[in-house]
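Residues 3 to 314 in the numbering used here are what the sequence shown lists, from first letter to last.
Quick reminder that beta carbons are idealized off the backbone N, C-alpha and C, glycines included.
Nothing here was measured: the structure is a model prediction, and the numbers come from that model.
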Amino acid sequence: MTLAITSPAWLDRAAYPFTHRSLALPEGRLHYVDEGPADAAGVLVLVHGTPTWSFEYRHLIRALRPTHRVIALDHLGFGLSERPPAADYRPEAHARRFAGFIAALGLPRFTLVTHDFGGPIALPLAAAHPEQLAGLVLFNTWLAPFTDPTMLRRARFAAGRLGRFLYRHLNASLRLIMPSAYARRRRLTPAIHAHYLAPFTDRDARGYVLHTLARALLGSHDHYAALHARRHVLDALPTTVIWGLADSAFGPAYLERLRDSLPAAAVHTLADAGHWPHEEAPDEVAALVRAHLARHAAPRVTSSACDPLQAP
């Protein structure tokens, strides 16, 4: 069952032709898509980072939904989900809500796909309940506290008063940081960029949603440390890392740290992709994800890909 969610005027339904679904959690309603056949070869859950939403996975959803059930949510405050001003938008709170989302859907074993902040948001569930996971696919993400001087300097600046001004008034994360993290900026076309800018026209929302995560680069140190302490649990899961090497935000050193944390992972690098490899090289990424799924097939699904909780 699905909710009658009206698409906003700015959403290109040809680019994002998926059925809108919604799940009510105590802090607000989460929007998500749930595509694919009822008798799917397996289930994937796609988890975005900041400052984006499930739109970033549109190519991967299209590629995999003929054979797999593919679920992609928008975190609270992002995309088409609700944006209550008083909610907690730190990664710890997003992680708690993500766990509630997964519990509400009652999924069979699934493959978890994460990007950027999606790692520290979704991987705590994987570390706590590895029996629920068929495997992991990780795009340009992290699971340990930041220690290198360059990132610490950037994070302190972003968390400070000037950083807050730039996030709130100039929409810095979307207008400055996002374009710079592509291998080739022209790939972030005005039409694509508009789909990321549109949810954050409100200055206050840019402050309490986006800038909160900028502050969390340092402020959520203990959350990342706790996740890193459980890395042996994650390393026991079948894992594929797909990394865009031309990422100005997370350079090759972050990939090496991820390799050290998850030494059993299969690693594939894309020299001509930046922070969003699934946006910049969608065909290559889809092929790599398919190969991962073929190597680590989960039991076939017999339940329908429908929303189990019908909200009013």
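Provide the residue(s) that pair with residue i in DSSP beta bridges, ordered along the chain.
i, result
"R71", "V45"
"A26", "R31"
"A268", "T242"
Which one of the options has the shortest CA to CA distance from residue i?
i, options, result
"A218", "L66, G108, F119 and A248", "F119"
"G165", "L295, W144, Y210 and R189", "Y210"
"F103", "S250, V243, L27 and E281", "L27"
"L236", "Y59, L145, A207 and T203", "L145"
"S56", "F112, Y198 and R99", "Y198"
"L114", "L220, A16 and T143", "T143"
"P151", "E281, L220, T203 and G108", "L220"
"A161", "L140, A101 and R92", "R92"
"F141", "F202, T271, R292 and A293", "T271"
"P86", "R99, G30 and P132", "G30"
"W12", "G81, S24 and Y59", "G81"
"E37", "R163, D204, E58 and A65", "A65"
With H, G and I counted as helix, E and B as strand and the rest as coil, what does DSSP make of residue i?
i, result
"H131", "coil"
"G209", "helix"
"L168", "helix"
"G137", "strand"
"H117", "strand"
"E37", "strand"
"T143", "strand"
"F100", "helix"
"F112", "strand"
"A313", "Confidence is the limiting factor: at A313 the pLDDT is only 35, short of 50, which leaves the residue's position unreliable and the question unanswerable from this model."
"D90", "coil"
"S306", "Note on S306: pLDDT 43, under 50, position unreliable in the model; no value is reported."
"T152", "helix"
"T21", "coil"
"G276", "coil"
"M3", "Reliability fails at M3, whose pLDDT of 40 lies under 50, so the model's placement of it is uncertain and the value that follows must be treated cautiously. Three-state DSSP puts M3 in coil, outside helix and strand."
"D237", "helix"
"Y184", "coil"
Round the Cβ separation of residue i and residue j to the nearest angstrom and send it over; I've been treating them as touching at under 8 Å.
i, j, result
"P284", "H61", "4 Å"
"H22", "S83", "Actually they do not touch by this definition, with Cβ atoms about 11 Å apart."
"G1", "L239", "Lying before the first or after the last residue shown, residue 1 is absent from the chain, which here runs from 3 to 314."
"A42", "R71", "4 Å"
"R261", "V269", "6 Å"
"H234", "E94", "Contact doesn't hold; Cβ gap of about 21 Å is too wide."
"F202", "P10", "In fact, because the Cβ distance is near 13 Å, the residues do not count as touching under 8 Å."
"T242", "A267", "7 Å"
Are there three or more Cβ pairs, one per stretch, closer than 8 Å when the segment 30-47 is compared with the segment 75-82?
yes
When you compare the segment 177-185 with the segment 120-129, are there three or more beta-carbon pairs, one atom per stretch, that lie closer than 8 Å?
No, the segment 177-185 is not in contact with the segment 120-129.
Tell me whether the segment 169-180 and the segment 197-215 touch, counting them as touching only if at least three CB pairs, one residue from each stretch, are closer than 8 Å.
yes
With a cut-off of 8 Å, do at least 3 Cβ pairs link the segment 244-251 to the segment 261-277?
yes
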